[in-house]
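Under numbering that gives the first Met the number 0, think of the first position of the sequence shown as 0, with each following residue one higher.
Backbone N, C-alpha and C fix where the C-beta goes; we use that ideal spot for every residue, glycine too.
Some notes on the structure that comes next.
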Amino acid sequence: MTNHELEKNEPLLTHLAVYLLLIRDEKLLLSRRYKTGWEDGMYTFIAGHVDRGETIRKAMIREGKEEARIVLAEDDLAVVHVMNRKSNRPYVDFFIKATSWKGEPTIIEPDRCDDMQWFPMSNLPTNTLPHVAQALEFIQNGIYFSEVGF
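This is the structure in structure tokens:
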């Protein structure tokens, strides 16, 4: 068996990420990455990795608190899209819409985010992460699952 064959038959180690859709007055909340070492200067939803032993919704609640000082409840979160994405490493991204939240979103990690604002859903900044813009398009078209980058 060659190394290539071994690689194809090995279990896939996939990273899980959560992305929060906050919508208010037909506008989406986006934050701009800053000094993270990955895609700096690009806009994205409040997002982060799912930690070992953590549920998808608990990860989203944690990220909302850590990144924007908002309080989310599990019952107010709905998965609206799942993206199986090939990047520099494999990801399964969960795009989650909050029907309500407590608190006004604010930057609390200025060393990782230098802008956070509401954008019209029909007019995202040109420097929005491509897979985030794709996911939003899928969501708006009622597509709940996608595979990107393969």
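Measuring only the C-alpha atoms, how far is residue i from residue j?
i, j, result
"W100", "D74", "11 Å"
"L71", "T98", "9 Å"
"N2", "E146", "Only weak support is given to the placement of N2: the predicted model assigns it a pLDDT of 44, under 50, and the question is left unresolved by the model."
"G102", "R68", "7 Å"
Output needed for residue i: all residues of its chain with C-beta closer than 8 Å, excluding positions within five of it in sequence on either side, in chain order.
i, result
"I142", "H80"
"I95", "V17, Y18, L19, L20, I55, R56, M59, L76, A77, V78, V79"
"E108", "E65, E66"
"E62", "V17, L19, I45, A46, G47"
Going by beta-carbon coordinates alone, are residue i and residue j separated by less than 7 Å?
i, j, result
"D114", "A16", "no"
Going by beta carbon distance, what residues of the same chain come within less than 7 Å of residue i, once the five residues before and after it are set aside?
i, result
"E25", "P119, M120"
I'd like the list of long-range same chain contacts for residue i, defined as Cβ closer than 6 Å, with 5 residues on each side in sequence excluded.
i, result
"L27", "F118, M120"
"T13", "P89, V91"
According to the neighbour-count rule (16 or more other Cβ atoms, all chains shown, within 10 Å of its Cβ), is residue i buried or exposed?
i, result
"I22", "exposed"
"S30", "buried"
"G148", "exposed"
Runs of alpha helix (DSSP H) wholly within the segment 52-80 (minimum 4 residues, chain order): 55-67
If we require 3 or more residues per run, which beta strand (DSSP E) segments fall completely within the segment 97-143? 112-119
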